[in-house]
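Colleague:
Number of protein chains: 2
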Amino acid sequence: MPLTLHAVSVPVFVRALKALDGLLTKGEESAVARGFDPAVLLTARLAPDMFPLTRQVQIASDGAKGGAARLAGQAPPSFPDTETTFAELHERIAKTIAWLEGLGPAAFDGDPDADLVVTMGGQDYPFTRQSFLFGFVLPNMYFHVSAAYNILRHNGVAVGKRDFLGGL
Amino acid sequence: MPLTLHAVSVPVFVRALKALDGLLTKGEESAVARGFDPAVLLTARLAPDMFPLTRQVQIASDGAKGGAARLAGQAPPSFPDTETTFAELHERIAKTIAWLEGLGPAAFDGDPDADLVVTMGGQDYPFTRQSFLFGFVLPNMYFHVSAAYNILRHNGVAVGKRDFLGGL
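Sequences listed follow chains E and C, in order. The first sequence runs contiguously to residue 168 in the working numbering. The second sequence runs contiguously to residue 1168 in the working numbering.
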């Protein structure tokens, strides 16, 4: 596929979200195998003032759909952040992927260097479409998928870099 | 800048490496402020079978220069992985950035979908230039920068997402 704004965003987000889904599966299986309640992992965090696993997954979902929505000039679906089980987090990821995959490449046409002002936390940030993707959306999404990975890794779940990469 | 293989790789790597550099500075400052030897952080890890901070920085450096080198059809510089201090890690990052910035955009010309077979751990992986960047190099680099971030965060260093993103 050519180097388009769609090609360097949607498939990349979907791949990361599928990897995140696989990490959660390994987390739950590990808890069951080790004989503790998998829900313990959902509230685990790496520092007391850092978001727990569930919130990392929710923000990764929000970052992917919100980022793609802005690049495509569409409104993203709103999910209420009520997940409390692994099954619900898998469902959240599946809904996010389904919405992303429904955005056709044509929605991403247009100048990658067009201005894009993004309001976050009440403040306006001047980006171009391209700088928004590479300066915020992509690293932000990997930041939260990595946080999920490291929370699981720190809690003894046998995940490795290939799980994070989503295969090689 | 247009959406070129250079624009979606080198500046993205440089930004991540500069962010990593800033994270290390905050780590060292935090150790000094809290009255312990900063070198303790260099050997910190999130799990006993996971690489410590120093190695995460070295691999982030290798991933960035190795990835860019393959995309540009050039040989990357070899660094001997002998860093044992924060100062040496900063130097490693600076050398990596200097080499990346010396690769002109023209080196990245050519079809983003050209085949690129990459040998890792003695095994051949068939990529295209584009799939190598987005399916391996970028997530791999963020994986190691995130590991560094989370090691520091877990050890009480006051870093936040903006430090990881390298500003907004």
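Think of the CB as a built atom: it goes at the ideal place given N, C-alpha and C, for glycine as much as any other residue. As the structure is a prediction and not an experimental result, all values here were calculated from the model.
Three or more beta-carbon pairs under 8 Å between the stretch 1023–1033 of chain C and the stretch 1147–1164 of chain C, yes or no?
Modeller: Enough Cβ pairs lie closer than 8 Å, so yes.
Colleague: Which residue comes first and which comes last in the alpha helix (DSSP H) that contains residue 1014 of chain C?
Modeller: Here the alpha helix (DSSP H) through residue 1014 of chain C covers 1010–1034.
Colleague: Counting only beta-carbon atoms, is residue 4 of chain E nearer than 9 Å to chain C?
Modeller: Chain C contact via Cβ: present.
Colleague: Identify each residue in the stretch 101–118 of chain E for which the Cβ-Cβ distance to at least one residue of chain C is less than 8 Å, and report them in chain order.
Modeller: Within the stretch 101–118 of chain E, the qualifying residues are 112, 113.
Colleague: Kindly confirm or deny that the stretch 2–19 of chain E and the stretch 60–75 of chain E touch, where touching means at least three C-beta pairs closer than 8 Å.
Modeller: Because the criterion of three Cβ pairs below 8 Å is met, the stretch 2–19 of chain E and the stretch 60–75 of chain E touch.
Colleague: From this set, C/1097, C/1132, C/1102, which residue's C-alpha is nearest residue 1118 of chain C's C-alpha?
Modeller: If we check each option's Cα against that of residue 1118 of chain C, C/1132 comes out closest.
Colleague: Between residue 1064 of chain C and residue 1141 of chain C, how many whole angstroms is the CB-CB distance? I'm expecting something under 8 Å.
Modeller: Yes, they are in contact, since the Cβ atoms of residue 1064 of chain C and residue 1141 of chain C sit about 6 Å apart, within 8 Å.
Colleague: Any beta carbon from chain C within less than 9 Å of residue 55 of chain E's own beta carbon?
Modeller: Cβ-Cβ to chain C under 9 Å: no for residue 55 of chain E.
Colleague: Give me whichever residues DSSP pairs with residue 128 of chain E in a beta bridge.
Modeller: E/115.
Colleague: So which of C/1159, C/1057, C/1110 has the shortest CA-CA distance to residue 1079 of chain C?
Modeller: For residue 1079 of chain C, the nearest C-alpha among the options comes from C/1057.
Colleague: Mark residue 1101 of chain C as exposed unless 16 or more other C-beta atoms lie within 10 angstroms of its C-beta, in which case mark it buried.
Modeller: Label assigned to residue 1101 of chain C: exposed.
Colleague: If you measure beta-carbon to beta-carbon, which residues of the stretch 5–25 of chain E are closer than 9 Å to chain D?
Modeller: Reference to chain D is not applicable here, since the protein chains of this structure are E and C.
Colleague: Cβ of residue 52 of chain E less than 9 Å from any chain C Cβ?
Modeller: Closer than 9 Å: no.
Colleague: So with CB distances below 8 Å, who are the chain C contacts of residue 164 of chain E?
Modeller: What residue 164 of chain E touches in chain C: 1139, 1143.
Colleague: With 8 Å as the C-beta to C-beta threshold (strictly closer), list the residues of the stretch 1034–1052 of chain C near chain E in chain order.
Modeller: If the cut-off is 8 Å between Cβ atoms, the stretch 1034–1052 of chain C has 1046, 1047, 1050 near chain E.
Colleague: Do the stretch 1106–1118 of chain C and the stretch 110–117 of chain E make contact, defined as three or more Cβ pairs closer than 8 Å?
Modeller: Not touching, per the Cβ criterion.
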